[in-house]
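Read the structure below first, then the notes.
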Amino acid sequence: WALSLSGPPTWVQLFPSGVAPTGRSAHSAVYDSHRDQLIIFGGGSGGPRDDAWALSLSGPLTWTQLPSAPAARALHTAIYDPRRERMVVFGGSYQNTTWALYLSETPTWAVLSPAGTPPEGRIYHTAVWDTAGDRMLVFGGYNAEGQSMNQTWSLDLPGNGAWSVLTPANAPTGRHAHSAVYDLVRNRMIVFGGTSGGPTYLDETWILNLGTMTWSQETGGGSS
13 WALSLSGPPT WVQLFPSGVA PTGRSAHSAV YDSHRDQLII FGGGSGGPRD DAWALSLSGP
73 LTWTQLPSAP AARALHTAIY DPRRERMVVF GGSYQNTTWA LYLSETPTWA VLSPAGTPPE
133 GRIYHTAVWD TAGDRMLVFG GYNAEGQSMN QTWSLDLPGN GAWSVLTPAN APTGRHAHSA
193 VYDLVRNRMI VFGGTSGGPT YLDETWILNL GTMTWSQETG GGSS
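Using our numbering, the letters of the sequence shown correspond one by one to residues 13 to 236.
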């Protein structure tokens with residue numbers, strides 16, 4: 013499905029050619045700006061999957077299967093790193109490994125071995141590409157001990173990369189199954205929703221200012 017954002021927002025179902033991926037949930041998707049294509053990876057349908065697919069968005073919409081990853085993964089996160097033309101995948105299935113799918117020339121998977129201590133394994137976290145800082149930011153998630161986390165981690169992307177835990181002030185409570193986006197114009201990450209466990213779902217909006225490294229809760233008007 014596609015939501016047209018020019019003029020009145022309108023949903024329309026798309027019908028790409030080629031063999032489509034099987035139905036799934038808990039997968040990841042990124043936009044490859046160099047090749048104008050959607051990349052999806054992994055997810056679950058009767059167990060974690062290791063397959064990757066590309067949907068070309070220029071000209072006729074067409075599905076193409078890419079090389080499978082060395083390890084199946086679900087409930088992970090992925091970002092697109094345009095400076096190195098790769099999709100970077102972290103976590104999922106309670107793992108804490110980091111993988112990259114290089115998309116220039118022949119698509120190829122490679123395990124990354126960043127310096128520093130990586131975050132603990134998790135699911136239901138979020139990740140965004142911090143354009144100004146050239147790093148992947150990982151927030152929250154759910155660990156194997158059944159805890160919702162509120163840590164913010166940074167993976168510097170140049171070279172072999174390096175993990176570090178950030179310590180912004182006024183962090184929100186731990187949460188998982190939330191969403192997050194990066195706001196380039198204002199140099200911030202915006203987080204919405206999620207749950208801290210139990211039957212309660214959060215309608216909170218939190219903003220991490222990456223200049224001052226401070227969290228603040230958005231309390232503007234409107235209905236959530």
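No residue lacks a Cβ here, since even glycine has one placed at the ideal position from N, Cα and C.
Rounded Cβ spacing between residue i and residue j (contact assumed at less than 8 Å)
i             : j             : result
proline 180   : threonine 138 : Between threonine 138 and proline 180 the Cβ distance is about 15 Å, and since that is not below 8 Å, they are no contact.
isoleucine 52 : alanine 64    : 7 Å
Residue i CB to nearest heavy atom of the ligand MN below 7 Å
i             : result
glutamate 117 : With respect to the ligand MN, the structure shown offers nothing to examine, as it has no ligands at all.
Environment of residue i [buried if 16+ CB atoms lie within 10 Å]
i              : result
glycine 223    : exposed
tryptophan 13  : exposed
glutamine 229  : exposed
valine 140     : buried
tryptophan 111 : buried
valine 150     : buried
glycine 15     : Looking at the sequence itself, residue 15 is leucine, so the reference to glycine does not match. It counts as exposed.
threonine 34   : exposed
valine 42      : buried
Same chain, Cβ closer than 7 Å to residue i, five either side skipped, listed in chain order
i             : result
threonine 129 : Trp175
glycine 209   : Ser160
proline 94    : Ser45, His46
Sequence-distant residues of the same chain with beta carbon closer than 6 Å to residue i, five excluded per side
i           : result
serine 70   : Asp48
leucine 178 : Thr164, Ser166
For residue i: DSSP bridge partner residues
i           : result
alanine 122 : Ala112
Spatial neighbours of residue i in its chain, beta-carbon cut-off 8 Å, leaving aside the 5 residues before and after
i           : result
proline 184 : Asn162, Val203, Glu216, Trp218, Trp227, Gln229
glycine 56  : Arg36, Ser37, Ala38, His39, Ala86, Leu87
Quiz item: Between the region 72-88 and the region 97-116, are three or more C-beta pairs nearer than 8 Å?
Solution: Contact between the region 72-88 and the region 97-116 is present: 3 or more CB-CB pairs across the two stretches fall below 8 Å.
Quiz item: Is it true that the region 189-197 meets the region 106-120, where meeting means three or more beta-carbon pairs spaced less than 8 Å apart?
Solution: In short, these stretches do not touch, since the Cβ pair count stays below three.
Exercise. Give a yes or no on contact between the region 22-29 and the region 69-84, applying the rule of three or more CB pairs nearer than 8 Å.
Key: Touching, per the Cβ criterion.
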